[in-house]
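Right, one structure below, let's go through it.
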Amino acid sequence: MSSTNHPIYADIILHTVFFFLSAMPMMDNMLSRVPILSSVFVILLYSVTHFSLAATQESHLHFQVANSTCEGTLYPDLCVSTLTSFPDLTSKSVPQMICSVVNNTIYEVTLSSSNCSRLRHKLPNLNTLEKRALDDCLSLFDGTVTELKTTIADLSQSTVGSKRYHHSQTLLSGAMTNVYTCLDGFAYSKGHVRDRIEKRLMEISHHVSNSLVMLKKVPGVKKSSGDEVFPEYGKMKDGFPSWLSQKDRKLLQAAVNETKFDLVVAKDGTGNFTTIGEALAAAPNSSTTRQYRFVIHIKAGAYFENVEVIRKKINLMLVGDGIGQTVVKASRNVVDGWTTFQSSTVAVVGDGFIAKGITFENSAGPSKHQAVALRSGADLSAFYKCSFVAYQDTLYVHSLRQFYRECDIYGTVDFIFGNAAVVFQNCNLYARKPDANQKNLFTAQGREDPNQNTGISILNCKVAAAADLIPVKSSFKTYLGRPWKKYSRTVYLNSYMEDLIDPAGWLEWNGTFALDTLYYGEYNNKGPGSNTSARVTWPGYRVITNSTEASQFTVRNFIQGNEWLNSTDIPFFSDLS
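Each residue of the sequence shown is one higher than the one before, starting from 1 at the first, in UniProt numbering.
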């Protein structure tokens, strides 16, 4: 019985008493009613006392359950107040509690979306960048609602196994990333727009953070042995994460002339379309069953267009004729009034996306600052034998689970950045010649919360200078990375580092920010730039000395790779080698 109902019962008793008295025949002597009134008063007093005691006991149990469930959260007051607002809390399982919190969060996201839409159309004197930042928020909120609804669907199943657990963890991590990305869009504005939306967005983020902690308390789920280091990315099979199916791996490894295509893009008119955008619009809105992959061949040529694989375009595969042969190029950048989020030449948010043999380029140049070649916020996305070419912020690994194999990434400042759970395997990372007074930084990982299952893992890769940097590399300092956000997490494993790496290895973002909360690790690397004897001494930096810890960053243990990479035909290895 819910304690909220006890006042109702007392009210019923009171009304019954007065009804009884009013129905009595009128008596000349009012004193004759006194014994009856006294008896009724005693009964009423006992009933109210009984129900009040029961209410107190149940209220105490209510708070006990809430406090226990919220233990370990970063925002316990919010967590407890939210849980105790559910009248049936004591009868809920942990997954049901999370679903209730997430459902409330969806409502808050919807309100934030409506508010941003109103500001976008009614707030006077908005500049172009602010309008585009609000557009980013609206797009990100749409994705957030989808991720939160899918989380509820996962946790509403009769059993929550390891696969659903990690899927929910990924989706919640992505939802939180979306919130902060929305706010990042206002980094160069005066602040009056951000001030109008930030409070509610922070509360949304805190609800998601609390949900991530509660998720760890779901009983009967086998968590990763390295859960506090890197939650599971996934297992590997034949060199690829298992979430790539056998059929997809064959597609990736097959020669172009041996592949059956659903559509062909050719600049010379010999295909179905002459632009990539037209082909993507013609591709079906696939189901989420992942049983069918729609394959588009992009013939050799330079395609000058900004391209987006929207959320409805699930399980698309783009196949080019090779690095430097099929090139997608554009030049949006922050200096010219685009947000970093919108500056990408190609953006992908349709889950299950695969690209092979394509160069993605942003040709804006180093003086234009942030200018993204490719942004991926697609879960279970994979890139094989592709190249990514730009200067600052080349590759935006925005969110969810991603895999890059035998790819070349070129850039200068923070040129691999974002908050996905991502593994780079057998890739080449090339630092280019930056502008004067700039430094080269390979990574800027953006993990905002210690409960997110995100990070950058660079495994068996080559860290080197590009051709334009080689003659002048002594004139520019080059670092492995810096902490973009408070819980930034990046590791280099079994990789080869050329002599361009500064002996300190890593660079601060701003003073002591994040130095004791980040996780930066190096394990068993080779080459003249891999010497760790003069590395930074930050609390969050470590030289990893045992394979058990290092193994938490592999495809097997970080992105559930064995559950999805088998379908892509991309080769991969599950472990450290």
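We put the CB at the ideal spot given by N, CA and C, even for glycine. Since the model is a prediction, treat every value here as computed from it, not as a measurement.
Whole angstroms are fine: how far does the CA of Asp142 sit from the CA of Arg118?
16 Å
Alpha carbon to alpha carbon, how far is Asp248 from Leu565? Give it in angstroms, no decimals.
8 Å
Which word fits Asn362, buried or exposed, when buried means at least 16 other C-beta atoms lie within 10 angstroms of its C-beta?
buried
Cβ-Cβ distance between Leu263 and Val309 below 8 Å:
no
On a Cα-Cα basis, can you pick out the residue from Val328, Leu429, Val218 and Asp184 that is closest to Tyr165?
Val218
Taking DSSP's pairing of strands, which residues face Ala421 in a bridge?
Arg401 and Gly455
Taking 7 Å as the cut-off, is the CB of Glu278 close to at least one heavy atom of the ligand FMN?
Looking for the ligand FMN in the displayed structure turns up nothing, as the structure carries no ligands at all.
Please say whether Glu522 and Tyr487 have beta carbons closer to each other than 8 Å?
no
Span separating the alpha-carbon of Thr274 from that of Glu305
11 Å
Which value, in whole angstroms, describes the spacing of the CA atoms of Ala330 and Asp77?
47 Å
Suppose you measure from the CA of Trp484 to the CA of Asp393; what does that come to, to the nearest Å?
12 Å
Does Asn453 pass the burial test, meaning 16 or more other C-beta atoms within 10 Å, or should it be called exposed?
buried
At the level of alpha carbons, what is the spacing between Cys427 and Lys462?
6 Å
Start-to-end residues for the alpha helix (DSSP H) that takes in Gln96:
Val94 to Lys122
For Arg194 and Leu183, which I take to be in contact (beta-carbon distance under 8 Å), what is that distance rounded to the nearest angstrom?
6 Å
Inspect the beta-carbon positions of Cys407 and Ser387 and report whether they are closer than 8 Å.
yes
Using a Cβ-Cβ cutoff of less than 7 Å, which residues in the same chain neighbour Leu318 once the five nearest sequence positions on both sides are dropped?
Ile296, Ile298, Ala355 and Ile358
Based on Cα-Cα distance, which residue from Val543, Thr339 and Ala371 lies nearest to Thr181?
Thr339
Going by C-alpha distance, which of Tyr479, Glu549 and Gln402 is nearest Trp243?
Gln402
Going by the CB atoms, is the gap between Asn546 and Asn524 shorter than 8 Å?
no
Which of helix, strand or coil DSSP assigns to Asp28
Since pLDDT at Asp28 reaches only 49, below the 50 mark, its modelled position is unreliable, and the value read off the structure follows with that caveat. Asp28 falls in the coil class under three-state DSSP.
If you follow the alpha helix (DSSP H) that Asp321 is in, where does it begin and where does it stop?
Element bounds for Asp321: n/a, residue is neither H nor E.
Output needed for Val80: all residues of its chain with C-beta closer than 8 Å, excluding positions within five of it in sequence on either side, in chain order.
Phe63, Ala66, Asn67 and Cys70
When the Cα atoms are used, what is the spatial distance from Ser474 to Gln157?
58 Å
Buried or exposed: where does residue 579 fall if 16 or more other Cβ atoms within 10 Å of its Cβ makes it buried?
The question about residue 579 has no answer, for the chain in this structure spans 1 to 577.
By the DSSP assignment, the beta strand (DSSP E) with Arg489 in it spans what residues?
Arg489 to Leu493
Let me know the secondary structure DSSP gives Val264 once reduced to three states.
strand
Assuming contact is defined by CB atoms lying nearer than 8 Å, are Ala431 and Leu469 in contact in what I supplied?
yes
If you follow the beta strand (DSSP E) that Gly521 is part of, which residue opens it and which one closes it?
Tyr519 to Tyr523
Tell me whether Arg290 sits in a helix, a strand or coil according to DSSP, three-state version.
Summary for Arg290: the model assigns pLDDT 47, below 50, so the residue's position carries little reliability; its value from the coordinates is reported in the next sentence. Coil.
Name the residue from Ala283, Ala464, Gln325 and Ser286 whose alpha carbon lies nearest to the alpha carbon of Tyr303.
Gln325
With DSSP run on the structure shown, which of helix, strand or coil describes Phe86?
coil
Rounded separation between Lys312 and Lys477 - CA only:
43 Å
Proximity below 8 Å, CB of Ser399 to CB of Asn127:
no
Determine the burial state of Val372: buried for a count of at least 16 other Cβ atoms within 10 Å of its Cβ, exposed for fewer.
buried
With C-beta atoms as the reference, is Ser162 less than 8 Å away from Val221?
yes
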